Structures are given as C-alpha cells and as structure tokens.
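Some notes on the structure that comes next.
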Amino acid sequence: GAVVSQHPSRVICKSGTSVKIECRSLDFQATTMFWYRQFPKQSLMLMATSNEGSKATYEQGVEKDKFLINHASLTLSTLTVTSAHPEDSSFYICSAPRTGLAKNIQYFGAGTRLSVL
Amino acid sequence: DQQVKQNSPSLSVQEGRISILNCDYTNSMFDYFLWYKKYPAEGPTFLISISSIKDKNEDGRFTVFLNKSAKHLSLHIVPSQPGDSAVYFCAASKYNAGNNRKLIWGLGTSLAVNP
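Top to bottom, those sequences are chains V and L.
Counting in our numbering, the first sequence runs from 1 upward without gaps.
Counting in our numbering, the second sequence runs from 118 upward without gaps.
As structure tokens, then:
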C-alpha cells in the first residue's frame, strides 16, 4: 500500500488564487520531505526540501514567496502555490525518505495535477 | 547540465524477452543509484537500487548493473511482461550540504512490452 499520501490529486483553479497541496507520510515519521515538479516530457525537478521544525531549503530558481512550504509535523508537509498563474500548471509530487530501512529510498505520493486557467 | 542521462527516450520489447534500460552519469560523487517506475498521473515507485560499492544487485526479474569506471548503469528486466510497460527513471544520490541527500533524475525511458 501507499506509504506517502498526497492530496488533492487534481486541482483546477482560476489565475490569481492560491492552492494548497498536502503530503503525508503514513505510519512513519519524516523529518524531511521533498517537493518536485514535472513538466510534460521532462524529468522530475526538485523544487525544495521541506524540513520539520525549520525553514524549507529551496533549489536555485524556485521562488520562496511563490511556493510556500510548511512542514507542520513529522508526518505532514504542505506546498502552497500562491497567486497561481497558467505557467504554474504542472504535475507536483512529494516524496519522503523512510529511514530505518534502506535509508536512501524515497517514497513518492501519487502527485497533484495543477491546472491554472 | 544533465548529470544523469537516459539517452533512449523509448524502448519497445517483445513479451518474454529481456529489456535493457541504460543510464549514464557524470558526477563521480554519486554513491547510490536507484531505478523508479512511473505510470501516467502517478508518482514514481521505487524499483531497485545499488550502492557504488557494488557492481550488481538482483531482485527477482530485475537486475541493476553498475560500471563505475564508465559511469554507467543499466537495468535488466527478464522476462519482460506487458505490466512492465511504464516510464523508468534512473536517479543518482549524493550527500548534500547539511548532510541531506537529494536525488538527481534522468529524463526517463518509456518502455513498451508488447504481448
């Protein structure tokens, strides 16, 4: 079964609105979660690393004020796309490394398809 | 700068035959490599991995080979089944500043296994 839950799976919104995406680790704690973005026919691009209890670490070129990340607990990270525009339309995926097992393996959510009209 | 390269965007194989997916990398600091499988509109699913101290790891029908000197790894699927049809991503991992690990991804290879 899924070890990382991501919600919602699909969002359609109007330009200028904000969208929140949730990522939950199921039955394990994740002090770190990762947020990715995938454009059609392109690879997964890491946007930011979400850290429980501290600020997120953003990759170069990713706007911090545009993509707000909150790691509210050891099992929940949220990504808020603020004032969304059509160019933000993409597939957003979160992942969490499950330590204690093969520690280098990240488990992914099912992804969120964001369409901004 | 694509540090992880999957030069074949697609591959078609007959059911029962071997599928070989290739991946090249440029950064010698990578010390762990993973293969993920992805269906449309879903997140990637972990398939198999290999540490840089090994040259082979096998799990059922899936075997990953690592050639460090050539900075090349490959995923072998044998026998291939129609349910293996998906996009396969190669990812490489290294420690980052702050003792975090991040994955660097290839562009993926779309595998089609024909009945």
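No residue lacks a Cβ here, since even glycine has one placed at the ideal position from N, Cα and C.
Note that the structure is predicted; figures quoted are calculated from it, not measured.
For residue i, which residues in the same chain have their Cβ closer than 7 Å to its Cβ, ignoring the five residues on either side in sequence?
i	result
H85 of chain V	S15, V116
Y156 of chain L	A203
T17 of chain V	A84
Answer with yes or no whether the minimum CB distance from residue i to chain C is below 8 Å.
i	result
W222 of chain L	Given the protein chain composition of this structure (V and L), no chain C is represented.
Assuming residue i contacts residue j under a Cβ cut-off of 8 Å, what Cβ separation, rounded to an integer in Å, is found between them?
i	j	result
V3 of chain V	Y107 of chain V	5 Å
V121 of chain L	A187 of chain L	That pair is no contact at about 14 Å.
S95 of chain V	F34 of chain V	5 Å
G111 of chain V	A158 of chain L	7 Å
S129 of chain L	A229 of chain L	5 Å
Just list the residues that DSSP pairs residue i with in beta bridges.
i	result
V181 of chain L	L:N174, L:L192
I121 of chain V	There is no way to answer for residue 121 of chain V, as the model of chain V reaches only from 1 to 117.
I167 of chain L	L:F150
F39 of chain V	In DSSP, F39 of chain V forms no bridge with anything.
D201 of chain L	Answer by DSSP bridge pairing: none, since D201 of chain L is not bridged.
Y92 of chain V	V:R37, V:T112
K219 of chain L	L:K211
Compare the C-beta of residue i against all C-beta atoms of chain L and say whether one is closer than 8 Å.
i	result
R113 of chain V	yes
S25 of chain V	no
S43 of chain V	yes
Q106 of chain V	yes
I93 of chain V	yes
A110 of chain V	yes
L46 of chain V	yes
Thinking C-alpha only, which one of the options is nearest residue i?
i	options	result
A219 of chain L	L:S227, L:S210, L:K173, L:G225	It should be noted that the sequence gives Lys, not Ala, for residue 219 of chain L. For the residues L:S227, L:S210, L:K173, L:G225, the minimum Cα distance to K219 of chain L belongs to L:S210.
L224 of chain L	V:F39, V:R113, V:S50	V:F39
F182 of chain L	L:W152, L:D201, L:G200	L:W152
D148 of chain L	L:F179, L:I137, L:N184, L:D176	L:N184
E22 of chain V	V:S83, V:D88, V:E87, V:S73	V:S73
K173 of chain L	L:P161, L:T143, L:L190, L:G160	L:L190
Y142 of chain L	L:T226, L:F179, L:W222	L:W222
S9 of chain V	L:T226, L:G177, L:G160	L:G160
I105 of chain V	L:T162, L:P199, L:N124	L:T162
K171 of chain L	L:D201, L:Q119, L:F150	L:F150
So, for residue i: in the same chain, excluding its five sequence neighbours on each side, which residues have a beta-carbon less than 6 Å away from its beta-carbon?
i	result
Q131 of chain L	N231
R24 of chain V	S5, T75, L76
R98 of chain V	F28, Y107
I69 of chain V	A48, S50, A56, L79
A30 of chain V	A96
Is the Cβ of residue i closer than 8 Å to any Cβ of chain V?
i	result
A187 of chain L	no
F182 of chain L	no
K171 of chain L	no
A203 of chain L	no
S127 of chain L	no
F147 of chain L	no
E175 of chain L	no
G160 of chain L	yes
K154 of chain L	no
For residue i, which residues from the same chain have a beta carbon less than 8 Å from its beta carbon, with the 5 sequence-adjacent residues on both sides left out?
i	result
R134 of chain L	V195, P196, S197
C13 of chain V	V19, A84, L114, S115, V116, L117
F179 of chain L	W152, L164, I165, L192, H193, I194
F67 of chain V	W35, M47, A48, Y58, L79, T80, V81, T82
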